[in-house]
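Novice: According to mature numbering (1 follows the signal peptide of the UniProt record, and there is no 0), the stretch in the sequence shown is residues -23 to -1, 1 to 421, in order.
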Amino acid sequence: MMFGKILLLLVLVTTTYIGAAMAENTYIIHIDKTRMTTNLFHEDNSMQTYQAVIDFINEMSLQKDDADQQEETMPAELLYAYETAISGFSANLSTKLLEILEKVDGFLSATPDQMLQLHTTNSKQFLGLQNGKGLLSASNLTSDAIIGIIDTGIWPEHVSFQDTGMSAAFCWMCNQSPTLARYGDDFGVENVGSVEEGTKFSESNCNKKLIGARAFFKGYEADSGRIKEPKEYRSARDDGGHGTHTASTAAGNLVENANFSGLAKGVAGGMSYTSRIAAYKVCWRFGCSSADTLAAIDQAVKDGVDVLSISMGNGNTPFHSDMLAVGSFGAVKSGVFVSSSAGNSGSFSSYVGNTAPWMMTVGASYTDRTFPAVIKLGNGKVVEGISLYSSNALAKPVPIYYPVRKDRSNDSKNPWDANSIQTKCNQQLLRLTLCRRDHDGRNA
């Protein structure tokens, strides 16, 4: 009986070991090309070089499987070849194939792919900036800088991306006449005169403001499966709004009479509203693959952007395994300025992300603008808060309504169901309704 149990345990351990060796993961591989053997190295073509490496380790794995009489390992698949952000590639590899790759000349490191997470018209005045002066001088505002936005894509029809008043530009991903000489073969630009078309995105969506757009999803689909359309756009079109928001904040064109329900009327514009925008979509429903993000940084540098704006991160990851930090270092070495977000965590010590010294990390601050709302209670006490409610329906006294449970009033462990509260609140017309915030901060 004991022998049978031991045998069963050995079978389970062996099966688990084989399963782990066969399991595939996405890795970002850092390579030193100067140490590679000549039979693998292709001087003028990184894709051929790394495909040769993949073919080599696949062949070595087959030979080992035959010798050990084991089931064939799933072959490695090359996803991206990196040239400017780092020297290396990303690929789907089993543990067994990774062990073979680690013995290849020129191998430096392998970093598992990670899912990064995504982290308002009065900003200029609040920061003390004035058009025509200092950072917003006439020379800076007519510099034709190109800002690469690495995010959830872009909604090209948004009014902030109309090109009224902008000079002719070379749209390196759209069929327009080249007039900016700094774009072209010297920058190694690929797909000149074309656009990466996809779901509801074509070259007609580009103009003198939005001069290019690309989508990267190989790493994401390797980790999370194929993108499900039509729930998501498998293209550079933004289906979440985050990328459109960050792009318009950075370089949105001037929009007259911008307002929110009649409030805060004025001219809205990005901090550098004369700059061009290049959108790189790397974020999807479940996050942003670091393999895709690194590919976007790599491509943006080759495309010739001047600035990279990155509003995502993964906490306080060590620099050597943080692909945002590694890729940004390569971009800065190529002369590209990198601006990144500090993250949404805090307010505690060591909660700021993207702290690599070669990046400019931008954190949110308070604002000097508010929408005050004053309520005078029946006992004469005045309470001041914030509200966008502008109706005069409360011009005369109204009763206060506070929904509570009949069984356990004001029980924080058993909060009202959000839908139930909404229904009850909607029924109390012309009353001041107090709704207690839920414990998870999502419902009020």
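Ideal Cβ placement from N, Cα and C applies to all residues, glycine included.
#1: Going by CA-CA distance only, name the one from Ala145, Ala272, Leu17, Ala277 that's closest to Met300.
#2: Would you report the Cα separation of His96 and Tyr328, rounded to the nearest angstrom?
#3: Going by DSSP in three states, Ser144 sits in which element: helix, strand or coil?
#4: Could you check if Met336 is buried or exposed, using at least 16 other CB atoms within 10 Å of its CB as the buried criterion?
#5: I'd like the span of the beta strand (DSSP E) that includes Met337, first residue to last.
#6: Please confirm whether Tyr197 and Pro89 have their CB atoms less than 9 Å apart.
#7: Check Val30 in the structure and name its three-state DSSP category.
#8: With DSSP collapsed to three states, give me the class of Thr347.
#9: Whole angstroms are fine: how far does the CA of Ser286 sit from the CA of Thr338?
#10: Can you tell which of Ile6, Gln40, Asn16, Asp32 has its C-alpha closest to the C-alpha of Ile63?
#11: Would DSSP call Gln94 helix, strand or coil?
#12: What does the Cβ neighbour count give for Ile127, buried or exposed, with the cut at 16 atoms within 10 Å?
#13: My output table needs one value for Lys310: the three-state DSSP class, helix, strand or coil.
#14: Evaluate the contact criterion for the stretch 255 to 263 versus the stretch 192 to 211: three or more CB pairs, one atom per stretch, below 8 Å.
#15: How is Asn2 classed by DSSP in three states: helix, strand or coil?
#16: Of the choices Gly130, Gly264, Val278, Ile188, whose alpha-carbon is the least far from that of Ser212?
#17: Could I get the ranges of all uninterrupted alpha helix (DSSP H) runs contained in the stretch 241 to 286, with 4 residues as the minimum, in chain order?
#18: Just reading off the alpha helix (DSSP H) that Leu75 is part of, what are its end residues?
#19: Could you check the C-alpha separation between residue 443 and Leu93 for me, to the nearest Å?
#20: Give the single residue among Leu39, Asp283, Asp121 whose Cα lies nearest to the Cα of Gly312.
#21: Among Ala319, Thr50, Ala199, Thr251, which residue has its Cα nearest to the Cα of Lys186?
#22: Near Val360, what residues of its chain come up, given a Cβ to Cβ distance below 6 Å and the 5 sequence neighbours on each side ignored?
#23: Return the chain-ordered list of same chain residues with a C-beta closer than 7 Å to the C-beta of Gly264, the five sequence neighbours on each side being excluded.
#24: For Gly330 versus Asn356, is the C-beta spacing smaller than 9 Å?
#25: Does DSSP put Leu365 in a helix, a strand or coil?
#26: Suppose you measure from the CA of Tyr57 to the CA of Ala268; what does that come to, to the nearest Å?
#27: Looking only at its own chain, which residues have a Cβ that is under 7 Å from the Cβ of Val309, when we skip the five neighbours before and after it?
#28: Along the chain, where does the alpha helix (DSSP H) containing Ala224 start, and where does it finish?
#29: So the alpha helix (DSSP H) Ser86 belongs to, where does it begin and stop?
#30: Would you report the Cα separation of Ala53 and Thr14, rounded to the nearest angstrom?
#31: Can you say whether Leu39 is buried or exposed, counting buried as having 16 or more other CB atoms within 10 angstroms of its CB?
#32: Does DSSP classify Ala68 as helix, strand or coil?
#33: Within the continuous beta strand (DSSP E) that includes Ala213, where are the two ends?
#34: Taking 7 Å as the limit between beta carbons, can you name the residues of its chain near Leu85, skipping five residues before and five after?
#35: Mark Met289 as exposed unless 16 or more other C-beta atoms lie within 10 angstroms of its C-beta, in which case mark it buried.
#36: Looking only at its chain, what residues have a beta carbon closer than 7 Å to the beta carbon of Val221, apart from the 5 residues adjacent to it on each side?
Specialist: Taking the coordinates as given:
#1: Against the sequence shown, residue 300 aligns to sequence position 323. With distances taken between Cα atoms, Met300 lies closest to Ala272.
#2: What you label residue 96 is simply residue 119 of the sequence shown in a count that begins at 1. What you label residue 328 is simply residue 351 of the sequence shown in a count that begins at 1. Taking the straight line from one Cα to the other gives about 12 Å.
#3: Walking along the sequence shown from the start, residue 144 turns up at place 167. In this structure, Ser144 counts as coil in the three-state DSSP scheme.
#4: Taking the first residue of the sequence shown as 1, we reach residue 336 at position 359. So Met336 ends up on the buried side.
#5: Counted from its first residue, the sequence shown places residue 337 at position 360. Looking at the DSSP string, the run of the beta strand (DSSP E) that includes Met337 is 337 to 339.
#6: Here residue 197 refers to the residue found at position 220 when the sequence shown is read from its first residue. Here residue 89 refers to the residue found at position 112 when the sequence shown is read from its first residue. No, they are not a contact pair.
#7: The residue labelled residue 30 in the question sits at position 53 within the sequence shown. Looking at Val30 - three-state DSSP - the assignment turns out to be helix.
#8: As a first step, residue 347 is located in the sequence shown; it is residue number 370 there, counting from the start. Three-state DSSP puts Thr347 in coil, outside helix and strand.
#9: Sequence index remark: in the sequence shown, residue 338 carries index 361 (1-based). Sequence index remark: in the sequence shown, residue 286 carries index 309 (1-based). Between Thr338 and Ser286, the C-alpha separation is close to 10 Å.
#10: The residue you call residue 63 lines up with position 86 of the sequence shown. The shortest C-alpha separation from Ile63 is found at Ile6.
#11: Residue numbering aside, residue 94 sits at position 117 when the sequence shown is read from its first letter. Note: Gln94 maps to strand in three-state DSSP.
#12: Numbered from 1 along the sequence shown, position 150 holds the residue referred to as residue 127. So Ile127 ends up on the buried side.
#13: One-based indexing of the sequence shown puts residue 310 at position 333. In the structure shown, Lys310 adopts helical secondary structure according to DSSP, grouped into three states.
#14: Here the stretch 255 to 263 makes contact with the stretch 192 to 211; the two share three or more CB pairs at distances below 8 Å.
#15: Numbered from its first residue, the sequence shown carries residue 2 at position 25. Asn2 falls in the strand class under three-state DSSP.
#16: Residue 212 sits at position 235 when you count from the first residue of the sequence shown. The shortest C-alpha separation from Ser212 is found at Gly130.
#17: Fully enclosed alpha helix (DSSP H) runs of 4 or longer: 267 to 280.
#18: Mapped onto the sequence shown, residue 75 falls at position 98. 72 to 78 is the extent of the alpha helix (DSSP H) around Leu75.
#19: With the chain running from -23 to 421 in the structure shown, residue 443 is simply not present.
#20: Working through the sequence shown from its first residue, we reach residue 312 at position 335. Here the closest residue by C-alpha is Asp283.
#21: Residue 186 sits at position 209 when you count from the first residue of the sequence shown. Of Ala319, Thr50, Ala199, Thr251, the residue nearest in Cα terms is Thr251.
#22: Numbered from 1 along the sequence shown, position 383 holds the residue referred to as residue 360. Short of 6 Å from the beta carbon of Val360, and not among the five residues preceding or following it, lie these beta carbons of its own chain, in chain order: Ile352.
#23: As a first step, residue 264 is located in the sequence shown; it is residue number 287 there, counting from the start. So the list reads Met92, Leu93, Gln94, once near-sequence residues are dropped.
#24: As a position in the sequence shown, residue 330 is number 353, starting the count at 1. As a position in the sequence shown, residue 356 is number 379, starting the count at 1. Taking 9 Å as the Cβ cut-off, Gly330 and Asn356 do not qualify as a contacting pair.
#25: Reading the sequence shown from its first residue, position 388 is the one you call residue 365. If DSSP states are grouped into helix, strand and coil, Leu365 belongs with coil.
#26: In the sequence shown, the residue the question calls residue 57 occupies position 80. In the sequence shown, the residue the question calls residue 268 occupies position 291. C-alpha separation (whole angstroms): 8 Å.
#27: In the sequence shown, counting from the first residue as 1, residue 309 sits at position 332. Non-local beta-carbon contacts of Val309 in its own chain, meaning distances under 7 Å to residues more than five positions away in sequence, involve Val315, Trp335 in chain order.
#28: Along the sequence shown, read from residue 1 onward, the residue named residue 224 stands at position 247. Unbroken alpha helix (DSSP H) run through Ala224: 219 to 228.
#29: Walking along the sequence shown from the start, residue 86 turns up at place 109. First-last for Ser86: 84 to 89, but that is the beta strand (DSSP E), not the alpha helix (DSSP H).
#30: Sequence index remark: in the sequence shown, residue 53 carries index 76 (1-based). Sequence index remark: in the sequence shown, residue 14 carries index 37 (1-based). Approximately 20 Å, taken between the alpha carbons.
#31: Your numbering for residue 39 matches position 62 in the sequence shown. Exposed, since its Cβ has fewer than 16 Cβ neighbours within 10 Å.
#32: Here residue 68 is taken as the residue at index 91 of the sequence shown, counted from 1. Reduced to three states, the DSSP call for Ala68 is strand.
#33: Locating residue 213 in the sequence shown gives position 236, counting from the first residue. From DSSP, Ala213 is part of no beta strand (DSSP E); its letter is neither H nor E.
#34: On the sequence shown, residue 85 is found 108 positions in, with the first residue counted as 1. Counting only residues of its own chain and dropping the five nearest sequence neighbours on each side, Leu85 has a CB closer than 7 Å to the CB of His7, Ile8, Asp9.
#35: Taking the sequence shown and counting its residues from 1, one reaches residue 289 at position 312. Buried, because 16 or more other Cβ atoms sit within 10 Å of the Cβ of Met289.
#36: In the sequence shown, counting from the first residue as 1, residue 221 sits at position 244. First, the amino acid is wrong: residue 221 is Thr here, not Val. Result list for Thr221: Ile131, Trp132, His135, Asp215, in chain order.
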